[in-house]
Structures are given as structure tokens and as C-alpha cells.
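Colleague: Below is a structure I'd like to ask you about.
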Amino acid sequence: MSYEINDVKTGINHAKGMNYHAHDIRAEMQKLEEEGEIKIGHIIGPYKEEEVMYGIKKKVPLDMHYQHKSCGQCANLPGVPRSNFYYRDKLGIKYYNDMQQTSCTAWNYHASGLGNLVQLASVAARNWHRAYEEGYNFTIHCVTSFGNYLEMRHLLVGNKELRDSVKKVLAKLGRELVIPEEIVHDSEIAYALRDKILAAADPKRLEGIKGLRAVEHYGCHFFKQVSDDIIGGKRPIVVGGLASHLGVQMEEYSKWFMCCGFGFRHILVNREFTRSAQNIKLKAIKQEVDPDMILVNCTGCGTTFDKTQWIQKAVGEDYHYPVVFYSQLAALALGAHPFKEAGLNFHVTPVEPLLDKMGIAYS
Amino acid sequence: MSEENKNPVTEKIESAKGGHFYKEIMKDFRIKESLHGCLNCGTCVANCPAAAFYDYSPREVCQMMIEGDEETIEEYMKGKIWNCAQCYSCKYRCPKENSAADIVMAMREIAVREGLAAEALAGYTRIAKLVLTRGNQLAPDMLSPDAFPDWGPRMIELSSKKMEMREELFKGFPGMNVVDRAWAAEDYTIYEMQKIWEESGALEKVGTVFPFLVDIVQDDMDDKKDEMEAKIQEKKEKLEASKK
């Protein structure tokens, strides 16, 4: 079964009439800015508007990208940040890889309960302020960070007590509360740049990509934690949208919605849960599609899918689906070396059969 | 969300019920956004990966809070809350837009604060230490094959070659080829992070589970305090000047 990506662009009406959900955060931010309560880090340079829930337009910045990195990617799947830099270099987009940023600490928070909301929101605001003082648009590599920053924006805008506590902490650092106009994940940017990526792509690479069959999996914190600011509506479309634009045949499977089993703490201390959840996902993928690759945009999910296939031999299963991030696919299309520039050799589920099929040499 | 918005569901419960844990949980302002009444429809359970494998139910989480059922709340506080995968599938699917995941998060914070999390956080020391001393949550060095034997033979190969592989990958990207942290966050940045934890009361909370970590962080901060506070002072003056 294959599908056109626009078929899943869902118009959501179920929350109409529930006024506690249907709010426009951008209008509330503007009001707070007018009252002098917050500053907004307005978009710098060109942007493209993409539609999120309720038909609200999200401005996706197309240049001057502050690269808020993912600690999980940098440590474990370093080909992903490298690919994020690569596609920007190829398209002539200016970016800033800042060493004065910290992790968002949301993985720690959700896994352990260590920390508190003032700490979590202050860490977010300090990182936002770094982008603001350097004159860049804040953009995010990690889905855990993305969900966390959407939530922190929501809580800071909606709760004066939290806002005041965070302002007090920031003042002790010589910083102020500047909330970015848009909270944007890197996969949303790559999707907004899909025409440019296609136009700059190597025709030979596109030939190899054309007709590959793939399924997509989105991190839960990409679209379930705060679900009204996601391009495409209630179900995300950016990974499959970019891939199908480049010629990949996207396939549907019944367990697309299910969590990968990462679980924040489970991947560390309860991996029997992670492996069991993975087996359900992978079984559906194998029986219903048997694709060439699994496309992802989330650090935790990419790790879980990549690292948990081998052990499924213990329950008599043989899975071998290369796990590829949206930006690694974009980098490959733009001519990147699969290992030296896209870092696919850091993945433990072998990617070589996929590269052979794409006609890409590696060593 | 408007600040003046009142939630009749939580307000009614607050006035009528509760034991110690219930009252502590209700103090978290997120609860007002997380409970809007429950149909008992079970949609959350059907979508919950934790409910598929553990004695854990997001429906029960919402119900126990609506009922103010202290006995069940205590059961969750003392163990079941750690089964939740924090995937928010319950929140996404709930027709009333309840969020058991957010309620669990508030409960986990209280469990740590009240000294109930020691067992759940056993094996978590390295992450906590990294967050508080490096400004990152993960480092390539932590992904050793002996810690993750189930990740397969390629992990062993990767582990032995990671230095040279990373050097090749990050040629021309300073600060990225490190193995004891995710990227080379500057000392000043780490100090700012530590100060946030201290000022927000989060560091004190860490002390309930990992008291030695608080000493490590405070020693680290003391060692560089004069230099870092001078930098912060410069920053404060610059910010004040920009406001004039």
C-alpha cells in the first residue's frame, strides 16, 4: 500500500468548542510583548509559511540558523548533526554551531524527575537568549528538545508565576526572557527547503533514491506532547513529505502512531520494555511493508530503531532495516559521502545493503 | 491558555478531597490543564505502550486524581509512575484532552523530593553527573559495549574505532570531536547551567537522591566562582546599558 503525503494532511475539528485548547500562542505572545512582559525573538531574514493546526501559519526561517544540537545525536548518531551542517553548506545557508549552548535537559527531566519546571524553563530561556544575542534564528536538532521548548513556551506564556521565577534566575546570569517567535525543528526546515534540496541534488543520487520504499516514524515529543504547532495538522508530514519529494515511495503501516519504546528511562534501565515495544513496531513494518529503510527525525527513536533490531534474534526475528534520518537522506541526495559526511557508519544496523541499492560507493 | 481560565473539574476536587500526596500533586499548576473529567473510555490505555507491558494505566491515573483516591495514588507514587514511557500518546488521543503523562511528571518530581525515587534512579548516576558537570546529558564514552551488550557486535567495533571515525566526520568542526561529553560546552556555559540548578532549587532536590553530586557541583562552582561572576557582572552591565 502506498500513499500520497497530502492524503494524511488532516484537518482537525475535534477540539472545536473546547476553548482550553484552541488558542493562538502567537497572539498571546504578541500581547505579552506589548505589555512589556516578554521579548520576542523575531524571525530574521527570509522565511516560508507552512500550515499547522487550525490553519495557523508557522514561519519557518530559511537562513541564519542557530543550531541547537542534540546531545544524543552528537554522542551516539553524530552523522545527523554533520548532515544538518552539510545540507546547509550545500545550499549556502548561514548557521552557527555554538559551544555556549547546553543540553535542554528534558531527557533527564522526563526520565528521572530530577530538576523542576523553573530549572527546565530557565535552561530553555538561556539557550534561546544565546541565539538572540548572536543574531540568529533558534532552530532545533532534537525532538525531545523540540517538544520541551514547545511546552516551555506554552507554560511561560500562560503562567506569570513561572515567568517571574525564570526572569529572576535569568537576571542573575545577566540575561533576559526572549521567547523565539517560532519553535522550529530541523526536519520542518528541511521540509520547507524541499524544492531547493531537490534542485541542488545530484541527478545520479536521485536516480538511486527514486523508487526506494520507506516507512516513517516520528518521535512522540514531536507531535503528541504539544500537538497544535506541527506542520501538516494533527499527523506530521515533514519527513515523508521531504522523502517523497526526493523520489522515495512512502508506505503506510498500521503501527505508525505507536511509541518506539525509548521511554527516556527505559532505554537506560528497563530495556526489556524497549525491546518488546520495538518488536511490535518492527513486526508490523516487516509484515505489512518490508521496506528498504525506516526514516526518522527523532534522536531517541533513531537510537532505538537502530540499536534494537539485532537483539530481536533472541525471539526468533530477523530484522535488518537501515535507519536513516531525514537530513542524512537530504545530504546523500546532495552528494555527501555516506560515511565521511553523512556518518551512516555510526549506525549499528547495517546500511551497506541500502547504499548498494542506491548505487553509492562507500569504504 | 488564559491565566484567568478556571477549571471547574479540578477546583471541585481540590475543595473536597485528598491525602498528603494528592494535595502535593494538586499544587502543580499543570494539573489544571491535565484533567478535564474522564469518560472512562479507555482510549488512553489502548494507546499506551506502558499499559501493554506493565501494571500501569493512564485511565487509572486520571481516575485516582478525580476521585482523590489516596490509596491508589500512593501505589503509583511508590513505583508505578516509573513505568510510564512519557510518550504522551494518552494526551494526544484523549477525547477530553486529559494528560496522564503530565500528571505522572508532576508525581515523579514529588517522588524525588520526598525521597521515594532512590530505587527507580539506581543506575542513573552517570547521567545526572554529566548534566551537572558538563552541560550535556550524554557522551560517546557512556555508550560502552559492556553497558549495552544487547546492541550487538557492531557496537563493539564502533566503540573501539570511535575516536578516529569522529575525527574524520568532524574535520573542520571545532568542539564536536569529543568523547567525554556531547560537545565541548565552555566552562562559563557549564557554570551558568550549574547556577540555574542552584537558583531554581533543583540542585537541592538532586541532593535527596545523589547527595555526593551536590558536593561535586558546589566544589566545581567554588573553584571558578571569581572568574565566572566577573563575566556575569560584565554581562549584566551590558544588558543594563542596552535598556537605556
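Line by line, the protein sequences are chains A and B. Throughout, the numbering used here is defined as the position within the first sequence, counted from one, plus 352. Throughout, the numbering used here is defined as the position within the second sequence, counted from one, plus 8. Yeah, the Cβ is synthetic: ideal placement off N, Cα and C, and Gly gets one too.
For a test of the three-state rule: what should DSSP assign to H373/A, helix, strand or coil?
Modeller: For the purposes of this step, residue 373/A is identified with residue 21 of the first sequence, where counting begins at 1. Unreliable placement is indicated for H373/A, whose pLDDT of 47 sits below 50; no coordinate value is reported for it.
Colleague: Name the chain B residues whose beta carbon is nearer than 9 angstroms to that of I637/A?
Modeller: By one-based count along the first sequence, residue 637/A stands at place 285. Ordered by position in chain B, no residue passes the 9 angstroms Cβ test against I637/A, which lies about 16 angstroms from the chain.
Colleague: Output needed in chain order: residues of the region 527 to 551 of chain A with a Cβ under 9 angstroms from some Cβ in chain B.
Modeller: Those residues of the region 527 to 551 of chain A that come within reach of chain B (Cβ to Cβ, closer than 9 angstroms) are R527 and E528.
Colleague: For N460/A versus V139/B, is the C-beta distance shorter than 7 angstroms?
Modeller: If you number the first sequence from 1, residue 460/A lands on position 108. If you number the second sequence from 1, residue 139/B lands on position 131. Yes, the Cβ-Cβ distance between N460/A and V139/B is below 7 angstroms.
Colleague: Of all Cβ atoms in chain B, is any one closer than 7 angstroms to the Cβ of S715/A?
Modeller: Walking along the first sequence from the start, residue 715/A turns up at place 363. Answer no: the Cβ-Cβ gap between S715/A and chain B never drops below 7 angstroms.
Colleague: For the candidate residues P413/A, G571/A, I535/A and N449/A, whose alpha-carbon lies nearest to that of Y678/A?
Modeller: If you number the first sequence from 1, residue 678/A lands on position 326. Checked all of P413/A, G571/A, I535/A and N449/A; the closest Cα to Y678/A is G571/A.
Colleague: Where do the N-terminal and C-terminal ends of the alpha helix (DSSP H) with T197/B fall, by residue?
Modeller: As a position in the second sequence, residue 197/B is number 189, starting the count at 1. Run containing T197/B: D195 to E207, per the alpha helix (DSSP H) assignment.
Colleague: Taking Cβ-Cβ distances below 9 angstroms as the criterion, which residues of the region 599 to 623 of chain A are in contact with chain B?
Modeller: Those residues of the region 599 to 623 of chain A that come within reach of chain B (Cβ to Cβ, closer than 9 angstroms) are F609, M610, C611, C612, G613, F614, G615, F616, R617, H618, L620, V621, N622 and R623.
Colleague: For the candidate residues Q661/A, I531/A and S539/A, whose alpha-carbon lies nearest to that of A595/A?
Modeller: Numbered from its first residue, the first sequence carries residue 595/A at position 243. Cα-wise, what sits closest to A595/A is S539/A.
Colleague: Measure the alpha-carbon distance for M353/A versus K400/A and round it to whole angstroms.
Modeller: In the first sequence, residue 353/A corresponds to position 1, counting from 1. In the first sequence, residue 400/A corresponds to position 48, counting from 1. Residue confidence is low: M353/A scores 36 on pLDDT, short of 50, so the model does not pin down where it sits. Its coordinate-derived value is still stated next. Answer to the nearest angstrom: the Cα atoms are 32 angstroms apart.
Colleague: Going by the CB atoms, is the gap between G397/A and M416/A shorter than 7 angstroms?
Modeller: For the purposes of this step, residue 416/A is taken as the residue at position 64 of the first sequence. For the purposes of this step, residue 397/A is taken as the residue at position 45 of the first sequence. In contact: M416/A and G397/A (Cβ atoms closer than 7 angstroms).
Colleague: Could you tell me which whole beta strand (DSSP E) segments of length 3 or greater appear in the region 430 to 495 of chain A?
Modeller: The qualifying runs are 489 to 492.
Colleague: Since G652/A and F614/A are thought to touch, with beta carbons under 8 angstroms apart, how far apart are those beta carbons, to the nearest angstrom?
Modeller: The count along the first sequence starts at 1 and reaches residue 652/A at position 300. The count along the first sequence starts at 1 and reaches residue 614/A at position 262. G652/A to F614/A, Cβ: 4 angstroms. Contact.
Colleague: Cα separation between C52/B and N631/A?
Modeller: Walking along the second sequence from the start, residue 52/B turns up at place 44. Walking along the first sequence from the start, residue 631/A turns up at place 279. Distance between the alpha carbons of C52/B and N631/A is about 21 angstroms.
Colleague: State buried or exposed for M34/B, treating a residue as buried only when at least 16 other CB atoms are found within 10 Å of its CB.
Modeller: As a position in the second sequence, residue 34/B is number 26, starting the count at 1. Buried: at least 16 other Cβ atoms inside 10 Å.
Colleague: Going along the chain, which residues of the region 491 to 502 of chain A sit with their C-beta nearer than 7 angstroms to a C-beta in chain B?
Modeller: Under the 7 angstroms Cβ criterion, the region 491 to 502 of chain A contributes no residue.
Colleague: Which two residues bound the contiguous beta strand (DSSP E) that contains F677/A?
Modeller: As a working note, residue 677/A is residue 325 in the first sequence. Element bounds for F677/A: V675 to F677.
Colleague: Closer than 8 angstroms by beta-carbon distance: list the chain B residues that pair up with H462/A, in chain order.
Modeller: Position 110 of the first sequence, counted from the start, is the residue given in the question as residue 462/A. Simply Q94 and M113.
Colleague: Please classify P716/A: does DSSP put it in a helix, a strand, or coil?
Modeller: Chain A is shown only over 353 to 715; residue 716/A falls outside these bounds and no answer can be derived.
Colleague: Let me check one thing: in DSSP terms, what residues is M602/A bridge-paired to?
Modeller: Along the first sequence, one-based indexing puts residue 602/A at 250. M602/A is bridged to A566/A.
Colleague: Taking E200/B as the query, report the chain A residues whose CB atoms sit under 7 angstroms from its CB, ordered along the chain.
Modeller: For this step, residue 200/B is matched to residue 192 along the second sequence. Residues of chain A passing the Cβ test: R478 and L525.
Colleague: Please list, in chain order, the residues of the region 639 to 652 of chain A that have any C-beta partner in chain B closer than 7 angstroms.
Modeller: Listed in sequence order: no entries.
Colleague: Determine whether the beta carbon atoms of R38/B and A114/B lie at a separation below 7 angstroms.
Modeller: In the second sequence, counting from the first residue as 1, residue 38/B sits at position 30. In the second sequence, counting from the first residue as 1, residue 114/B sits at position 106. Against a cut-off of 7 angstroms, the Cβ pair of A114/B and R38/B comes out as a contact.
Colleague: Can you check whether the CB of A210/B is closer than 7 angstroms to the CB of N305/A?
Modeller: The first residue shown for chain A is 353 and the last is 715, placing residue 305/A beyond what the model contains.
Colleague: How far does the beta strand (DSSP E) with I392/A in it extend, from its first residue to its last?
Modeller: For the purposes of this step, residue 392/A is taken as residue 40 along the first sequence, with counting starting at 1. Looking at the DSSP string, the run of the beta strand (DSSP E) that includes I392/A is K391 to G393.
Colleague: State the Cα-Cα distance for the pair L466/A and K709/A, rounded to the nearest angstrom.
Modeller: Residue mapping note: residue 466/A aligns to position 114 of the first sequence, counting from 1. Residue mapping note: residue 709/A aligns to position 357 of the first sequence, counting from 1. When rounded, the distance between both Cα atoms is 46 angstroms.
Colleague: For K732/A, which option in P433/A, E385/A, R378/A and I377/A has the closest C-alpha, if you only look at C-alpha atoms?
Modeller: The structure shown does not extend to residue 732/A, since chain A is modelled only from 353 through 715, so no value can be given for it.
Colleague: Say whether chain A places a C-beta atom closer than 7 angstroms to the C-beta of T216/B.
Modeller: If you number the second sequence from 1, residue 216/B lands on position 208. Not an interface residue.
Colleague: Would you mind working out which of T80/B, A125/B, E79/B and C56/B sits nearest W90/B, comparing C-alpha positions?
Modeller: Against the second sequence, residue 90/B aligns to sequence position 82. The candidate whose alpha carbon is nearest that of W90/B is A125/B.
Colleague: State the CB to CB distance for the pair R121/B and K213/B, rounded to an integer number of angstroms; the pair is presumed to be in contact (CB under 8 angstroms).
Modeller: Within the second sequence, the letter at position 113 stands for residue 121/B. Within the second sequence, the letter at position 205 stands for residue 213/B. Confirmed, about 6 angstroms.
Colleague: Can you check which of these residues, L514/A, Q471/A, M451/A and E503/A, is closest to E486/A by C-alpha distance?
Modeller: Translated into the one-based positions of the first sequence, residue 486/A becomes position 134. Minimum Cα distance to E486/A is reached at M451/A.
Colleague: Roughly how many whole angstroms lie between the Cα atoms of L514/A and K520/A?
Modeller: Numbered from its first residue, the first sequence carries residue 514/A at position 162. Numbered from its first residue, the first sequence carries residue 520/A at position 168. The alpha-carbon atoms of L514/A and K520/A are separated by roughly 10 angstroms.
Colleague: Around the Cβ of D154/B, are there at least 16 other Cβ atoms within 10 angstroms (buried) or fewer (exposed)?
Modeller: Locating residue 154/B in the second sequence gives position 146, where the first residue counts as 1. Per the 10 Å Cβ criterion, exposed.
Colleague: Considering only the beta carbon of each residue, do S611/A and T656/A sit closer than 7 angstroms?
Modeller: As a working mapping, residue 611/A is identified with position 259 in the first sequence. As a working mapping, residue 656/A is identified with position 304 in the first sequence. Inspection of the sequence shows that residue 611/A is occupied by Cys rather than by Ser. Against a cut-off of 7 angstroms, the Cβ pair of T656/A and C611/A comes out as no contact.
Colleague: Just to confirm, are I646/A and V567/A a CB contact at a threshold of 7 angstroms?
Modeller: If you number the first sequence from 1, residue 646/A lands on position 294. If you number the first sequence from 1, residue 567/A lands on position 215. Their beta carbons are under 7 angstroms apart, which means I646/A touches V567/A by this criterion.
Colleague: Can you name the start and end residues of the alpha helix (DSSP H) that M710/A belongs to?
Modeller: Locating residue 710/A in the first sequence gives position 358, where the first residue counts as 1. First-last of the alpha helix (DSSP H) with M710/A: E704 to M710.
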